[in-house]
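Engineer:
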Amino acid sequence: MAFLIFLDTNIFYHILHNTPKTDQVLTLLEENPGDYVIDMVVHNEIIYTSTVHYLEHKHGVKGIHSVKRWVKKHGYPGEVVNAVRELIRRLNIRLVPSIYAEQELYETMLSYKLLPSDAIIALTCKHYGIDVILTFDEDFKRVPWLKVIS
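With this note's numbering applied, the sequence shown covers -3 to 146.
(1) Drop a sphere of 10 angstroms on the beta-carbon of residue 150, count the other beta-carbons inside from all chains shown, and report buried for 16 or more, exposed for fewer.
(2) Quick check on the burial criterion: 16 or more other C-beta atoms within 10 angstroms. Buried or exposed for residue 8?
(3) Run through the region 40 to 102 for me and flag every whole alpha helix (DSSP H) of 4 or more residues, listed as ranges in chain order.
(4) Using only the alpha-carbon positions, how far apart do residue 101 and residue 10 sit?
(5) Apart from the five residues on each side of it in sequence, which residues of its chain come closer than 6 Å, Cβ to Cβ, to residue 5?
(6) Can you tell me which of the three DSSP states residue 142 falls into?
(7) So, does the region 110 to 118 touch the region 23 to 37, judging by three or more C-beta pairs under 8 Å?
(8) I need the DSSP call for residue 35, collapsed to helix, strand or coil.
(9) Assign residue 107 to buried or exposed, taking buried as 16 or more other Cβ atoms, counted over all protein chains shown, within 10 Å of its Cβ.
(10) From the DSSP secondary-structure annotation, give me the bridge partner or partners of residue 8.
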């Protein structure tokens, strides 16, 4: 098995939305080859944030309730789904189930001052033996079993 590297949501976001950090992210990926992994949390977050970004920029839709109404009326934007799907395919990213125990989640949140989603990501990395995460989120630096590359 090759070297496993977890990709956080912000890495995806900067690639998909051509931000000022896009070139930096592409360089990070080039300099850190390995088997890239995401879990269900990142998968959900990138689809959601990309949907919000797309609807705001293409249709002027702002706010979660407006997003929900738009999706109910028009259906889920296929452009978002296709962009996420294609990026996962292009980078050959492995999607793994999020793994954590309830008590371990609470302890990780409290011990390392993490939001629930970040604690789930940290615990999922621990479960799969992943000790490197590509992210711009400084909070992961408080997790002793993760090396943050940004």
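Glycine is no exception: its CB is placed at the ideal position from the N, C-alpha and C atoms. This structure is a prediction, so every number in the text was calculated from the model and none was measured.
Structural biologist: Let me spell this out:
(1) Residue 150 cannot be examined here, being either before or after the span of the chain that is shown, -3 to 146.
(2) Position 12 of the sequence shown, counted from the start, is the residue given in the question as residue 8. It is buried - the Cβ of residue 8 has at least 16 other Cβ atoms within 10 Å.
(3) Taking 4 residues as the minimum length, the alpha helix (DSSP H) runs contained wholly in the region 40 to 102 are 60 to 70, 74 to 86, in order along the chain.
(4) Counted from its first residue, the sequence shown places residue 101 at position 105. Counted from its first residue, the sequence shown places residue 10 at position 14. One Cα belongs to residue 101, the other to residue 10, and the distance between them is close to 28 Å.
(5) Position 9 of the sequence shown holds residue 5. Within the same chain, residue 5 has close Cβ partners 38, 41, 42.
(6) Residue 142 sits at position 146 when you count from the first residue of the sequence shown. In the structure shown, residue 142 sits in coil (DSSP, three-state: anything other than H, G, I, E or B).
(7) By the Cβ test, the region 110 to 118 is in contact with the region 23 to 37, since at least three Cβ pairs between them sit closer than 8 Å.
(8) What you label residue 35 is simply residue 39 of the sequence shown in a count that begins at 1. Of the three classes helix, strand and coil, the one that applies to residue 35 here is strand, per DSSP.
(9) Counting from one through the sequence shown, the residue named residue 107 turns up at place 111. Flag for residue 107 reads exposed.
(10) By one-based count along the sequence shown, residue 8 stands at place 12. None, per the DSSP bridge assignment.
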